[in-house]
Amino acid sequence: MVAPILLMAAGFGCTGESDVDDRRIVETGVVVDPAEFLGDLPCADIEGAPKSYVATVVELATETEPERLLGPSAPVSCGTPLVFTDIRGGREYGAQVSVFDVPADQAAGATPSWTTTCGLGGAGAGAAEITAGRQTRIRGCTAIEGAGTGTTAITVDASSAVGAFGCAADGGTIGDIEIVPIEPVGSGLPTVTLACGQAPVVYGAAIDPGVKYTFRLEAESTDGSTLGAQCSAVARDGLGVPATCTLLLQTGSLSFPIPDLVEEAGFVCGESVSRATVSATGADVNVPSASVPCSAEAFASSLPPGAYSGAIALYAGPDLAASFTCAGEVVPGITTVLACIPN
1 MVAPILLMAA GFGCTGESDV DDRRIVETGV VVDPAEFLGD LPCADIEGAP KSYVATVVEL
61 ATETEPERLL GPSAPVSCGT PLVFTDIRGG REYGAQVSVF DVPADQAAGA TPSWTTTCGL
121 GGAGAGAAEI TAGRQTRIRG CTAIEGAGTG TTAITVDASS AVGAFGCAAD GGTIGDIEIV
181 PIEPVGSGLP TVTLACGQAP VVYGAAIDPG VKYTFRLEAE STDGSTLGAQ CSAVARDGLG
241 VPATCTLLLQ TGSLSFPIPD LVEEAGFVCG ESVSRATVSA TGADVNVPSA SVPCSAEAFA
301 SSLPPGAYSG AIALYAGPDL AASFTCAGEV VPGITTVLAC IPN
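Numbering (this note's numbering), first residue to last: 1 to 343.
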C-alpha cells in the first residue's frame, strides 16, 4: 500500500478546466480527484451516499515498459483529493477507484459499492501527462451512477428550525414540534409530534424518487405564541435525503401568483400586459397597493397570522386588462399562495 498525499479540497488549485495546478511549484505528482468520478451522487454523511474511496494509480504501459500499479491508497473521505508522487517523467497515468458507502475508517476490507476508472478508456482519454514541478489531475473518469445503497427516505430534523428560540429542555422557549406533511397532497405520510431536541424523523415508506416533499412545522412557545417553519427535499433513489428547513417564525407570507393569472387570462407578459398591481388586507395589517412586474410572483412577508383578502390587477400600459379578487390564510413560517378568481 502506498501513502499518497492527502490534498485538502480547500487548498486544491487544479479545479475548473485546467489539468495542472500552475499557481505554484510543488512536488511533481498526479491527482485523483473525487469531483471527476462522483457524478450526480453526493459525497455526504447520509444513508446510501458515497463516503470514502480507495485509489490505485496505473502507470500506463509503453512499447518498452510494462504497466505499473501505484497503490492502493488507504481509504480516504470522498471529499478529499489524493496526490501520488511516485511517478516518472515521460509516462502517462490513469487510476482505478473503489467507492464505499461507509466512512474511511470503516472501509478497509469492505466491499466497494461502486467501482470506476479514470484515464483508462472511460469518459475520454484523460490520462495524465506529467509536468515537472506540477500536480496533474487525472481526467477521463467514468462517473459512478445509479441509485444509492440505502432506503429511499426523507429525514426531517425539526430541531434545526428552532434557531435562537432554543429548546425548552435547554432553557429555551420551544417545547413540542409537530411535523405535518403538506406536499404532495395525499402522500399518506403521517403527522409526527416530538419534543424539541429529539432525533430527526425518517420518512422511509411511500417515498418516491424525484418527488419534492414539503412539510410544515408547528410549534408553541412557552409564552403561548404559535410559530411555524417549512421543510422540503427532493427524494433520491437509495438515499436518505435530509430536508432543508427554514427557521421558526411567528409571522408568515403571501404569494401573489401573477404569472399563473396572466396565463389563465390568455395574456402574454411583455406583449398583451406590461405590469400588475397587488394589495392585501388582513384583520390587523394592510399591504398597500404596489406596482410589480407581470413576469414573476410578488410576495408580502412578515404578516401576522390570519385570513387575508387580496387584489391583483393586470395592465396593458395605462389600461386595465383584467382584475382578480383573492383570499388566503397566513400561517406562521409558511408562504401561502393566494387563491384568486376573475372579477
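Every residue, glycine too, gets a C-beta built ideally from N, C-alpha and C. As the structure is a prediction and not an experimental result, all values here were calculated from the model.
message = Less than 8 Å between the C-beta atoms of Val292 and Ala298, yes or no?
response = The residue given as residue 292 occupies position 292 in the sequence shown. The residue given as residue 298 occupies position 298 in the sequence shown. Contact: yes.
ask   = At which residue ranges does the stretch 251-336 contain complete beta strand (DSSP E) runs of 3 or more residues, listed in the order of the chain?
value = Counting only runs of 3 or more residues that sit fully inside the stretch 251-336, the beta strand (DSSP E) segments are 252-256, 275-282, 286-293, 298-303, 306-316, 319-330, in chain order.
request  = Go through its chain and collect everything with a Cβ distance to Asp33's Cβ below 6 Å, but skip five positions before and after it.
outcome  = Residue mapping note: residue 33 aligns to position 33 of the sequence shown, counting from 1. Counting only Cβ-Cβ distances below 6 Å, and skipping sequence neighbours, we find Pro81, Arg137.
query = In whole angstroms, what separates the C-alpha of Cys326 from that of Gly39?
reply = Residue mapping note: residue 326 aligns to position 326 of the sequence shown, counting from 1. Residue mapping note: residue 39 aligns to position 39 of the sequence shown, counting from 1. Cα-Cα distance, rounded: 45 Å.
task = Return the Cβ separation of Tyr53 and Val102 in integer angstroms, given the expectation that the two are a contact with Cβ distance under 8 Å.
result = Here residue 53 refers to the residue found at position 53 when the sequence shown is read from its first residue. Here residue 102 refers to the residue found at position 102 when the sequence shown is read from its first residue. Between Val102 and Tyr53 the Cβ distance is about 11 Å, and since that is not below 8 Å, they are no contact.
key: Secondary structure of Glu129, DSSP reduced to three states   = Residue 129 sits at position 129 when you count from the first residue of the sequence shown. Strand at Glu129.
inquiry  = On the criterion of 16 or more Cβ atoms from any shown chain inside 10 Å, does Thr173 qualify as buried, or is it exposed?
reply    = As a working note, residue 173 is residue 173 in the sequence shown. That one is buried.
key: Segments assigned beta strand (DSSP E), at least 3 residues, entirely inside the stretch 196-228   = List check, beta strand (DSSP E) in window: 201-203, 212-221.
message = If contacts are defined as beta-carbon pairs under 8 Å, then Ala313 and Thr281 qualify, I think. What distance do you get, rounded to the angstrom?
response = In the sequence shown, residue 313 corresponds to position 313, counting from 1. In the sequence shown, residue 281 corresponds to position 281, counting from 1. With a Cβ gap of about 15 Å, Ala313 and Thr281 do not count as contacting.
request  = Spell out a yes or no on whether the stretch 215-224 and the stretch 159-176 are touching, meaning 3 or more CB-CB pairs, one atom from each, closer than 8 Å.
outcome  = Yes, the stretch 215-224 is in contact with the stretch 159-176.
inquiry  = Let's see if you can read the secondary structure: which residues bound the alpha helix (DSSP H) around Ala339?
reply    = The residue you call residue 339 lines up with position 339 of the sequence shown. No alpha helix (DSSP H) contains Ala339, which is instead part of the beta strand (DSSP E) from 339-342.
query = Exposed or buried, which one is Ile177 when buried takes at least 16 other CB atoms within 10 Å?
reply = By one-based count along the sequence shown, residue 177 stands at place 177. So Ile177 ends up on the buried side.
key: Beta-carbon separation (whole angstroms), Tyr203 vs Glu183, contact threshold 8 Å   = Within the sequence shown, residue 203 is the residue found at index 203, counting from 1. Within the sequence shown, residue 183 is the residue found at index 183, counting from 1. With a beta-carbon spacing of about 13 Å, Tyr203 and Glu183 fall beyond the 8 Å limit used to define contacts.
request  = List the DSSP bridge partners of Glu59.
outcome  = Position 59 of the sequence shown, counting from 1, holds the residue named residue 59. DSSP lists Arg68, Tyr93 as the beta-bridge partner residues of Glu59.
key: Own chain residues within Cβ distance below 7 Å of Val285, not counting five before or after   = Here residue 285 corresponds to residue number 285 of the sequence shown, with the count starting at 1. Once the five neighbours on either side are set aside, the close Cβ partners of Val285 are Leu303, Pro304.
key: Identity of the residues DSSP links to Arg137 by a beta bridge   = As a first step, residue 137 is located in the sequence shown; it is residue number 137 there, counting from the start. Note: Arg137 sits in a beta bridge opposite Val31.
message = Cys231 and Ile258 - do their beta-carbons sit closer together than 8 Å?
response = Mapped onto the sequence shown, residue 258 falls at position 258. Mapped onto the sequence shown, residue 231 falls at position 231. For Ile258 and Cys231, no; Cβs fall outside 8 Å.
inquiry  = Mapping the DSSP letters down to three states, classify Asp176 as helix, strand or coil.
reply    = Working through the sequence shown from its first residue, we reach residue 176 at position 176. Reduced to three states, the DSSP call for Asp176 is strand.
key: Three-state secondary structure (DSSP) of Ala158   = Counted from its first residue, the sequence shown places residue 158 at position 158. Secondary structure at Ala158: helix, using DSSP grouped into helix, strand and coil.
For Ala347, three-class secondary structure by DSSP = This structure gives no information on residue 347, because the portion of the chain shown stretches from 1 to 343.
Alpha carbon of Phe256 to alpha carbon of Ile207, nearest angstrom = In the sequence shown, the residue the question calls residue 256 occupies position 256. In the sequence shown, the residue the question calls residue 207 occupies position 207. For Phe256 and Ile207, the distance between alpha carbons rounds to 30 Å.
key: Coil, strand or helix - Phe37 by DSSP   = In the sequence shown, residue 37 corresponds to position 37, counting from 1. Under the three-state reduction of DSSP, Phe37 is assigned to coil, being neither helix nor strand.
Nearest-angstrom Cβ-Cβ length linking Thr336 and Gly252, presumed shorter than 8 Å = As a first step, residue 336 must be located in the sequence shown, where it is residue number 336. As a first step, residue 252 must be located in the sequence shown, where it is residue number 252. Their Cβ separation, rounded to whole angstroms, is 6 Å, which keeps Thr336 and Gly252 in contact under 8 Å.
key: Glu129 versus Ser73: straight-line alpha-carbon distance, rounded   = The residue you call residue 129 lines up with position 129 of the sequence shown. The residue you call residue 73 lines up with position 73 of the sequence shown. Rounded to the nearest whole angstrom, the C-alpha separation of Glu129 and Ser73 is 21 Å.
ask   = From this set, Phe84, Thr155, Cys141, which residue's C-alpha is nearest Pro181's C-alpha?
value = Here residue 181 refers to the residue found at position 181 when the sequence shown is read from its first residue. Ranking the options by Cα distance to Pro181, first place goes to Thr155.
task = Please classify Gly344: does DSSP put it in a helix, a strand, or coil?
result = The structure shown does not extend to residue 344, since the chain is modelled only from 1 through 343, so no value can be given for it.
key: For Ala107: DSSP bridge partner residues   = In the sequence shown, the residue the question calls residue 107 occupies position 107. When DSSP reads this structure, Ala107 sits in no beta bridge, so it has no partner.
task = Measure the alpha-carbon distance for Pro50 versus Ala161 and round it to whole angstroms.
result = Taking the sequence shown and counting its residues from 1, the one referred to as residue 50 is at position 50. Taking the sequence shown and counting its residues from 1, the one referred to as residue 161 is at position 161. If I take the Cα positions, the gap works out to 27 Å.
query = Can the beta-carbon of Val331 be found less than 8 Å from the beta-carbon of Tyr308?
reply = Indexing the sequence shown from 1 puts residue 331 at position 331. Indexing the sequence shown from 1 puts residue 308 at position 308. Remark: C-beta atoms of Val331 and Tyr308 do not approach each other more closely than 8 Å.
request  = Check Ala74 in the structure and name its three-state DSSP category.
outcome  = To locate residue 74, count along the sequence shown from 1; it is residue 74. Coil.
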